[in-house]
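Each remark here refers to the structure printed beneath this line.
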Amino acid sequence: MEREKLGSRLGFILLSAGCAIGIGNVWRFPYVAGMYGGGIFVLFYLFFLIVMGVPVMTMEFAVGRASRKSIVRSFQELEKPGHKWHLNGYLGMTGNYLLMMFYTTVTGWMLYYFYQMLTGKFHGKDAGQVEQMFQDMLSSPRILASAMIIIVAAGIFICSRGLQKGVEKITKVMMSMLLAIIILLAVHSCTLENSLEGLKFYLLPDLQRMREVGVWETITAAMNQAFFTLSLGIAAMEIFGSYMGREHTLAGESVRICALDTFVAIMSGLIIFPACFSFGLEPDAGPSLIFVTLPKVFVNMAGGRVWGALFFLFMSFASFTTVIAVFENIISFAVDMFGVSRRKAVIFNAVILLIASLPCVLGNNLWSGVRILGRDVLDFEDFLVSNLLLPIGSLVYLLFCVTKWGWGFDKYLAEANAGRGVKMPRALKPYFQFILPVLILVILIQGLMR
Numbered sequence: 000m001e002r003e004k005l006g007s008r009l010g011f012i013l014l015s016a017g018c019a020i021g022i023g024n025v026w027r028f029p030y031v032a033g034m035y036g037g038g039i040f041v042l043f044y045l046f047f048l049i050v051m052g053v054p055v056m057t058m059e060f061a062v063g064r065a066s067r068k069s070i071v072r073s074f075q076e077l078e079k080p081g082h083k084w085h086l087n088g089y090l091g092m093t094g095n096y097l098l099m100m101f102y103t104t105v106t107g108w109m110l111y112y113f114y115q116m117l118t119g120k121f122h123g124k125d126a127g128q129v130e131q132m133f134q135d136m137l138s139s140p141r142i143l144a145s146a147m148i149i150i151v152a153a154g155i156f157i158c159s160r161g162l163q164k165g166v167e168k169i170t171k172v173m174m175s176m177l178l179a180i181i182i183l184l185a186v187h188s189c190t191l192e193n194s195l196e197g198l199k200f201y202l203l204p205d206l207q208r209m210r211e212v213g214v215w216e217t218i219t220a221a222m223n224q225a226f227f228t229l230s231l232g233i234a235a236m237e238i239f240g241s242y243m244g245r246e247h248t249l250a251g252e253s254v255r256i257c258a259l260d261t262f263v264a265i266m267s268g269l270i271i272f273p274a275c276f277s278f279g280l281e282p283d284a285g286p287s288l289i290f291v292t293l294p295k296v297f298v299n300m301a302g303g304r305v306w307g308a309l310f311f312l313f314m315s316f317a318s319f320t321t322v323i324a325v326f327e328n329i330i331s332f333a334v335d336m337f338g339v340s341r342r343k344a345v346i347f348n349a350v351i352l353l354i355a356s357l358p359c360v361l362g363n364n365l366w367s368g369v370r371i372l373g374r375d376v377l378d379f380e381d382f383l384v385s386n387l388l389l390p391i392g393s394l395v396y397l398l399f400c401v402t403k404w405g406w407g408f409d410k411y412l413a414e415a416n417a418g419r420g421v422k423m424p425r426a427l428k429p430y431f432q433f434i435l436p437v438l439i440l441v442i443l444i445q446g447l448m449r
């Protein structure tokens, strides 16, 4: 059976960017940027995005494009006879399933809050009532399960329509709307009273703030954010490499995707900080920023119902594009490995994901007492993916592409530089072989210590 291909270059870029762009761009990037010195953190982040994120992304794309296969088959296609690099494929696919087990639930939170904002449920609520609404949502298995089922069902429907007619077509629309909405929201936030103070806090380099939290802590925080924002290591990018043509170099395409991902992250801060400072609220970390702090802002804002609905629609698109991309990876794996039709792969995996997502749904209510290594269900699943599987998978892709025991640097470079655009310099080979692995190991060790 001939492998499906994406219909356009734009589709490839938006699909890949949609996978990279997620909730971490919105509720984590602005907070850590504010905490670690504003503009100085952003500069470190951009540096590590270029020296770490772009190279590893080109490696995932190269393995996918050269093999035209999903994660396990891609290593089998390219590895030397008798080698076992393909075992990493099973680890990566575990990461895809784990990611979907909690991401479908959290995406459901976004969708539910969009509904709440759109229907005016927050109207007239004070700060305490806004906080209680978040707790009420978490304590309701019915609400969380219903929202999760809607997300999984929507993903099933889109992926069942095929790569071009379903995944590519819908993602193009959603990403275009996402970018339009985020620009509109950022412009509105920057016109609010006292918004300039928020912009200064966010964007101006603050060496004093960086010294207070620590220079090394700032650097490692920027390194972590740059690495994790791209969802590298579990073949989330590799699968779209397997669908792309050879007209353009992989470095050029990777830079474009990273630029889109960074644009959304930075624009999110332009929404959040001016709005919070305008209404005298401190931006907090984690879920409380999105589901408590920002609703308090929208409640007090003129036209807040409309702006709040737009914000959570943007958040729903940001997280749902990731769900679609990861679901497509899982489906492609099933088709490649077991030779089943796309339709059967979609139905089979839909049932698995509906069941596998239930622990996260119940983790904040009926199973709230369950702790695994001191973490609740959602945090534990997130820990496994973010702190373990992503860095390990990225390290394997790196070593596979640049060592003589794997695919080899010459073959990787030839694939990465095929086509028009920015070429990957051969002079970077020592950096890829000796320095970049150490940087990824630092991220892995730090993650395991958290």
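Just so you know, the sequence shown maps onto residues 0 to 449 in numbering that gives the first Met the number 0.
Backbone N, C-alpha and C fix where the C-beta goes; we use that ideal spot for every residue, glycine too.
Fair warning: this is a prediction, and the values are worked out from it, not measured in the lab.
In the three-state reduction of the DSSP assignment, I289 falls in the helix class, which pools H, G and I. Shown here for H247: same chain residues with a beta carbon closer than 8 Å to its own, the five before and five after excluded, namely R8, G418, R419, G420 in chain order. With respect to the 7 Å criterion, V25 and I155 are not classified as neighbours on the basis of their beta carbons.
Non-local C-beta neighbours of G10 in its own chain, meaning closer than 7 Å and more than five positions away in sequence, comprise E167, K171, ordered along the chain. For Y242, no alpha helix (DSSP H) encloses it, and the DSSP letter there is neither H nor E. Pairing Y242 with Y411, the inter-Cα distance amounts to about 17 Å. Distances from the CA of G107 to each of L443, A426, V401, L353 were compared; the closest alpha carbon is that of L353. Here DSSP, grouped into helix, strand and coil, assigns R370 to coil. Sequence-distant partners of F278 (beyond 5 residues in either direction) whose C-beta falls short of 6 Å from its own C-beta, in its chain, are V296, N299. Between the C-alpha atoms of L229 and A19 there is a straight-line separation of about 5 Å.
Between G240 and L389, the C-beta gap is not smaller than 7 Å, which leaves the two residues out of contact.
Nearest to V325 by alpha-carbon distance, out of L77, R27, M100, is M100. At a cut-off of 4 residues, the continuous stretches assigned as alpha helix (DSSP H) that sit fully inside the stretch 92-170 are 126-137, 140-159. In this structure the stretch 360-374 touches the stretch 128-143; the number of beta carbon pairs closer than 8 Å is three or more.
For P204, DSSP records a beta bridge to G37. Residue pairing for R342: DSSP places it in no beta bridge. Under DSSP, R419 forms a beta bridge with H247. Cβ-Cβ distances below 7 Å link G38 to L202, L203, P204 in the same chain, with the five nearest sequence neighbours on each side left out; the list follows chain order. In this chain, F433 is not harboured by any alpha helix (DSSP H), its DSSP state being neither H nor E. Secondary structure note for G303: its alpha helix (DSSP H) is the uninterrupted segment 303-337.
Following the DSSP letters along the chain, one finds G63 inside the alpha helix (DSSP H) bounded by residues 53-66.
If you draw a straight line from the Cα of L117 to the Cα of E327, it comes to about 30 Å. Counting along the chain, the unbroken alpha helix (DSSP H) around D378 starts and ends at 376-382.
By the neighbour-count definition (other C-beta atoms within 10 Å, threshold 16), V350 is an exposed residue. Counting the other CB atoms within 10 Å of its CB gives I70 a total of 16 or more, which places it among the buried residues. In the three-state scheme derived from DSSP, where H, G and I count as helix and E and B as strand, M236 is classed as coil.
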